[in-house]
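Numbering (the numbering used here), first residue to last: 79 to 301. Backbone N, C-alpha and C define an ideal beta-carbon position, used for all residues, glycine too. Bear in mind that the values here come from a model prediction, so they are computed numbers and not experimental data.
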């Protein structure tokens with residue numbers, strides 16, 4: 079369990095050194111979460127479907143933001159060299175860090191949503207189908223996570239691109255085949271599991287391809 083607390087301490091120490099940036103991002107997230115929450119509630123669109131989509135999107139954009147920021151910082155500070163020379167793989171290091179980022183994002187999301195009055199009125203109900211949808215969504219999220227890890231290691235400066243992709247996903251992500259099938263699970267309809275599995279396999283295949291390119295750069299080019 080030591081590594082988990084180690085990553086937590088590292089996260090806290092990093093934010094102590096950049097208090098203004100951390101609190102600016104925190105306040106922006108609170109305003110955004112509260113704003114979207116009130117908007118959905120006022121238009122009677124606050125239900126299991128919108129709750130799950132909003133939750134997964136927020137977790138995804140938070141984890142990707144922290145991931146890209148962390149890797150870009152390690153590259154600029156030459157910290158990546160020490161990570162490469164350590165016994166633990168970079169993938170495992172950032173996977174462990176992602177757990178800290180996920181927990182932080184989930185806690186903030188829950189606090190803001192509950193304080194806004196949503197989630198306490200019986201509309202949001204945790205049923206087995208909702209849990210299954212969240213599991214598939216998290217698998218999808220980590221496929222994107224590993225892809226952006228590879229892209230950041232290869233191209234080094236992808237923060238603006240990451241922001242563009244997460245914003246586009248919020249607006250147009252519901253049109254993707256896999257999100258449509260996950261939506262069917264949320265609302266209790268029959269989903270095509272074959273489509274979900276095939277889409278996840280394709281995503282992880284793409285992520286693996288770019289991860290191989292990232293490993294080659296780390297091994298042969300260095301920083």
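Check, Outcome
"Any non-hydrogen atom of the ligand NAP within 7 Å of residue 276 CB", "For the ligand NAP, the structure offers nothing, since it holds no ligand at all."
"Cut-off 6 Å between Cβ atoms - residues of its own chain near residue 281, not counting five sequence neighbours on either side", "221"
"N- and C-terminal bounds of the alpha helix (DSSP H) containing residue 154", "126-154"
"Separation of residue 132 from residue 186, as counted between CA atoms", "13 Å"
"Residue from 190, 106, 141, 153 whose Cα sits closest to the Cα of residue 177", "141"
"Classification of residue 172 by the beta-carbon crowding that lies within 10 angstroms, buried from 16 upward", "buried"
"Own chain, CB closer than 8 Å to residue 108, minus 5 neighbours either side, in chain order", "186, 190"
"Alpha-carbon to alpha-carbon, residue 179 and residue 99", "16 Å"
"Residue 154 versus 250, 234, 284, residue with shortest Cα-Cα distance", "234"
"Burial state of residue 115, where buried means 16 or more other Cβ atoms lie within 10 Å", "buried"
"Residues of its chain near residue 259, where Cβ-Cβ distance is below 7 Å and the 5 sequence neighbours each way are ignored", "269, 270, 273, 274"
"Proximity below 8 Å, CB of residue 148 to CB of residue 175", "yes"
"Reduced DSSP secondary structure (H/G/I, E/B, other) of residue 166", "coil"
"Exposed unless 16 or more other CB atoms sit within 10 angstroms - verdict on residue 289", "buried"
"As assigned by DSSP and simplified to three states, the class of residue 306", "No answer is possible for residue 306: it lies beyond the span of the chain, which begins at 79 and ends at 301."
"Alpha-carbon spacing of residue 286 relative to residue 223, whole angstroms", "11 Å"
"N-terminal and C-terminal residue of the alpha helix (DSSP H) that residue 220 is part of", "206-233"
"Test item: CB-CB of residue 218 and residue 278 under 8 Å", "yes"
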